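Peer 1: Using UniProt numbering, you'd call the opening residue of the sequence shown number 1 and step up by one each time.
Quick one: the structure is below, questions incoming.
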Amino acid sequence: MAADPLPSFPPGFLWGVATSAHQIEGAADLRERSVWDVFEARPGSIADGSTAAVACDSFHRHREDVELLAGLGVDAYRFSVSWPRVDSPGGLDHYDRLVDDLLAAGVRPVPTLFHWDLPASLDWLERDTAARFAGYVERVAGRLGDRVHSWLTLNEPAEHTILGHALGVHAPGRTLMFDALPAAHHQLLAHGLAVRALRAAGAADIGIANSHGPTWPLSDREEDLAAADLYDAVMNRAFSDPVLLGSYPDGLAELMPGDVEADLKVISEPIDRYGVNYYAPSLVGAPTGEDSAYGTLEVPARLPFSLHDIEGRPRTAFGWPVVPEGLTEVLTGLRDRYGDRLPPVTITENGCSYPGLDDQDRIAYLDSHLRALHRALEAGVDVRGYFVWSLLDNYEWAEGYQQRFGLVHVDFDSPERTRTPKASYAWLRDRLRDALRARR
Ligand code: GBH
C-alpha cells in the first residue's frame, strides 16, 4: 500500500526529479530556434495545437522551481541545457544562475546536454552534427564545470530517432522508417565525443539517459519471437550495445553510415553512470497487415512488427499500461546482458500522466515502481538513484499540454503559470524524509 513505508535504499542513493529545457523553459524569443519550434508550426503536428513558446516559463521562474525542489527535499535536479539557447547571446547565463541557485539550496545539478531540441539549422542525418555537439558541450562544461560534477550527454536517442526520424510524430517530423538509423548513429557518435570533451574538462561523473522497456513477444510462435527480437534490437539494444559493448546488434552495423568500427571505439568511451528511463513494456508480434497502436503511437502496417495492448492492467491517462515489474525486468536484464560492462545504474526518468491535484494514481504508480526498483537491488543490481519524471506539468511534446506528468500542477492559463503541489508531491516529500532519517 502507498501508505506503508518504503523499503530502505542504500546509503548515498540519489533521489531526484527531472525536467527538460524545451518542455518547461519557454522564453523562446530569447533563444535560437530548434527543430521543435519548426515542427510545432506545422498544422496538425501537436494534439492541442499548442507550442512551447511559454510552457512553464521556467526561464523566468526558475527560482520558484528551485524552491519547490528544496521543499520536496530531493538530492538532485535533472534539467536539460538548451543548445539553441546556448547558441544565443548570454544564453549560458541562465544555466549559470540555475546552477548557483540549486547549489545554494543544497540540490545537486545533473544537466542533460541534449533533450531533443536540436538547433533548427542542424540535422542528425549529417555526421558533422556530432562534432558540432562536442564543441557545444565544451562550451557548456567550460562555463559550468567548476560547479557541475554530474553530466548526462543525451536523452533517449532511441525515441528521438524513432519518433522524430522514422515515424514522424516528433520533430523533425521525418518518416524514414529504417532509413532513420543514421540519425541514431550520429547521436551515439555525439555521445562518445561529448564523453571525451567532458573528460578533458575534468568531469568524473558522466552518463547517458537511454529509454528501456522489456519487449514481450505476443506468443511463442516463431514469427512473433522474431518480430519481438527485431523490435527489441531497434528500440533498446541498438542504443545500449554500442555504448556498453562497442558493437551493434546483429544486422544493424551494416545499416549505419561511415567507418562504423572506428566510430564504435568513440561511442564506447567508458562512462560512470548508466541512466535508464522506464515507462512500460511493449507487447510485440509479427506484422498483422494493419496499422497497430501503443497508447497514442501508431505503428504503420509496413513495419516488420506490430504492437499490441497489454490487457488486465490499469492505464495512465496516456494509455500506457502500469507494469512495475517491467522495471525490475529491465534492471536485471541489463545486468545479465552487460555484466561487468554495466556501470552503476540510475533511473533517470520514471513517472506517469494523470489529471488532477489529488493524484492518488500517481502515488500508487511511484510507490509500486520504487518497490520494483528495490527488488532489483535485492537481486544484486547496482542502482544508485531514482528521478521522477517530472517536477512540473509541462509541454508533453506532440501531446501539447494535455498530458500531465508533474508532481506539481501548472496552470497554463494563468500568466504566472501558477504552480500548485499535488498530493504526490507531499507523498514523495514524506518518503524522502523517512529515507533521510534512515540515513543518519
Ligand atoms: C520520455 O520519453 C521523455 O524523455 C520525456 O521528455 C517525456 O516527457 C516523458 O518521457 C513522457 O513521455 O512507443 O513502444 O516505446 C518517453 C518515451 C515513448 C516511453 C513511448 C513510452 C511507449 C512505448 N516514451 N513509449 S513505445
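Cβ coordinates follow ideal geometry from the N, Cα and C atoms, glycine included.
Note that this is a predicted model, so its numbers are computed, not measured.
Using the Cβ count rule (16 or more neighbours within 10 Å means buried), how would you classify Thr-420?
Peer 2: Exposed.
Peer 1: For the ligand GBH, is there a heavy atom less than 6 angstroms away from the beta-carbon of Tyr-365?
Peer 2: Incorrect: Tyr-365 has no Cβ contact closer than 6 angstroms to the ligand GBH.
Peer 1: Please name the residue in Ser-390, Pro-172, Gly-73, Ile-162 whose C-alpha comes closest to that of Phe-39.
Peer 2: That would be Pro-172, whose Cα lies nearest to the Cα of Phe-39.
Peer 1: For Ala-141, which residues of its own chain have a beta-carbon under 7 angstroms away from its beta-carbon, when the five flanking residues on both sides are left out?
Peer 2: Cβ neighbours of Ala-141 beyond the five flanking positions: Ala-197, Leu-198, Ala-201, Ala-203.
Peer 1: On the three-pair Cβ rule with 8 angstroms, is the region 176–189 touching the region 255–263?
Peer 2: Contact holds: three or more Cβ-Cβ distances are below 8 angstroms.
Peer 1: For Glu-156, verify whether its CB is less than 6 angstroms away from any heavy atom of the ligand GBH.
Peer 2: Yes.
Peer 1: Look at the alpha carbon of Leu-8 and the alpha carbon of Glu-378, and state the distance between them as a whole number of angstroms.
Peer 2: Checking the displayed sequence, the identity of residue 8 turns out to be Ser instead of Leu. Taking the straight line from one Cα to the other gives about 11 angstroms.
Peer 1: Spell out the partners DSSP gives Val-410 in its beta bridges.
Peer 2: DSSP lists Arg-419 as partners of Val-410.
Peer 1: Tyr-401: which of Val-388, Tyr-386, Arg-417 sits nearest, CA to CA?
Peer 2: Comparing Cα positions, the closest option is Arg-417.
Peer 1: At a threshold of 6 angstroms, does Ser-240 count as lining the ligand GBH (C-beta to nearest heavy atom)?
Peer 2: No; taking the cut-off as 6 angstroms, the Cβ of Ser-240 has no heavy atom of the ligand GBH nearer than that.
Peer 1: If you check the beta carbons only, do Val-284 and Tyr-354 fall under 7 angstroms apart?
Peer 2: Result no, Cβ atoms of Val-284 and Tyr-354 do not sit closer than 7 angstroms.
Peer 1: Could you check if Tyr-279 belongs to the surroundings of the ligand GBH, using beta carbon to heavy atom distance under 6 angstroms?
Peer 2: Correct: Tyr-279 has its Cβ closer than 6 angstroms to the ligand GBH.
Peer 1: Answer yes or no: do Ala-280 and Trp-216 have a C-beta to C-beta separation smaller than 7 angstroms?
Peer 2: In this structure, Trp-216 does not lie closer than 7 angstroms to Ala-280 by Cβ.
Peer 1: Please go through the region 121–163 and give each complete beta strand (DSSP E) segment of 3 or more residues, from N-terminal end onward.
Peer 2: Taking only runs of at least 3 residues, the beta strand (DSSP E) segments lying wholly in the region 121–163 are 150–155.
Peer 1: Can you determine whether any heavy atom of the ligand GBH sits closer than 6 angstroms to the C-beta of Glu-159, and answer yes or no?
Peer 2: Flag set: Cβ of Glu-159 near the ligand GBH.
Peer 1: For the ligand GBH, any of its heavy atoms closer than 6 angstroms to the Cβ of Tyr-95?
Peer 2: Flag unset: Cβ of Tyr-95 not near the ligand GBH.
Peer 1: Could you please give the first and the last residue of the uninterrupted beta strand (DSSP E) stretch that includes Asp-29?
Peer 2: Element bounds for Asp-29: n/a, residue is neither H nor E.
Peer 1: Residues in the same chain with beta-carbon distance under 7 angstroms from Thr-328, minus the five sequence neighbours each way, listed in chain order, please.
Peer 2: Counting only Cβ-Cβ distances below 7 angstroms, and skipping sequence neighbours, we find Ala-372, Arg-375, Ala-376.
Peer 1: Does the beta-carbon of Ser-414 have 16 or more other beta-carbons within 10 angstroms, so that it is buried, or is it exposed?
Peer 2: Classification for Ser-414: exposed.
Peer 1: Buried or exposed, going by whether 16 or more other CB atoms sit within 10 Å of the CB of Ser-58?
Peer 2: Ser-58 should be labelled buried.
Peer 1: What do you get for Arg-147, buried or exposed, if any count of 16 or more other CB atoms within 10 angstroms of its CB means buried?
Peer 2: Answer is exposed; the Cβ neighbour count stays below 16.
Peer 1: For the ligand GBH, any of its heavy atoms closer than 6 angstroms to the Cβ of Tyr-294?
Peer 2: True, at least one ligand heavy atom lies under 6 angstroms from that Cβ.
Peer 1: When DSSP labels each residue in this structure, what does Tyr-386 get in the three-state scheme?
Peer 2: Of the three classes helix, strand and coil, the one that applies to Tyr-386 here is strand, per DSSP.
Peer 1: Do you know whose CA, among Thr-346, Glu-254, Ile-267, Asp-336, lies nearest Asn-277's CA?
Peer 2: Nearest option by C-alpha distance: Thr-346.
Peer 1: Using C-beta distances below 8 angstroms, list every residue in its chain close to Phe-405, excluding the 5 sequence neighbours before and after it, in chain order.
Peer 2: Excluding residues within five positions, the ones whose Cβ falls inside 8 angstroms are Gly-351, Cys-352, Ser-353, Trp-389, Ser-390, Asp-393, Asn-394, Glu-396.
Peer 1: How about Ala-286 and Ala-227: are their beta carbons less than 7 angstroms apart?
Peer 2: Yes, they are a contact pair.
Peer 1: Is there at least one non-hydrogen atom of the ligand GBH closer than 6 angstroms to the beta-carbon of Leu-30?
Peer 2: No, the ligand GBH has no heavy atom inside 6 angstroms of this Cβ.
Peer 1: Am I right that Pro-300 and Asp-309 are in contact with their C-beta atoms under 8 angstroms? What's the rounded C-beta distance?
Peer 2: Not a contact, Cβ separation roughly 18 angstroms.
Peer 1: Leaving out the 5 sequence neighbours to the left and right, which residues in its chain are closer than 7 angstroms to Met-1 when beta-carbon positions are compared?
Peer 2: Because Met-1 sits at a pLDDT of 48, beneath the cut-off of 50, its placement in the model cannot be relied upon, and the following sentence gives the value as read from the coordinates. Closer than 7 angstroms at the Cβ level, and outside the excluded window around Met-1, lies no residue.
Peer 1: Touch check for the region 22–29 and the region 37–55: three-plus C-beta pairs under 8 angstroms?
Peer 2: Yes, since at least three Cβ pairs between the region 22–29 and the region 37–55 fall closer than 8 angstroms, the two stretches touch.
Peer 1: Tell whether a beta-carbon distance below 7 angstroms holds between Pro-242 and Leu-264.
Peer 2: Yes, they are a contact pair.
Peer 1: Unbroken alpha helix (DSSP H) runs of length 4 or more, entirely within the region 173–241: which are they?
Peer 2: Listed in chain order, the complete alpha helix (DSSP H) runs (minimum 4 residues) inside the region 173–241 are 181–200, 222–232.
Peer 1: Buried or exposed for Thr-129, going by 16 or more other Cβ atoms inside 10 Å?
Peer 2: Classification of Thr-129: buried, given that the 10 Å Cβ count is 16 or more.
Peer 1: Please identify the residue among Ala-317, Leu-193, Ser-368 whose C-alpha is closest to the C-alpha of Pro-324.
Peer 2: Of the listed residues, the one whose Cα sits closest to Pro-324 is Ser-368.
Peer 1: For Trp-83, list the residues DSSP reports as bridge partners.
Peer 2: In DSSP, Trp-83 forms no bridge with anything.
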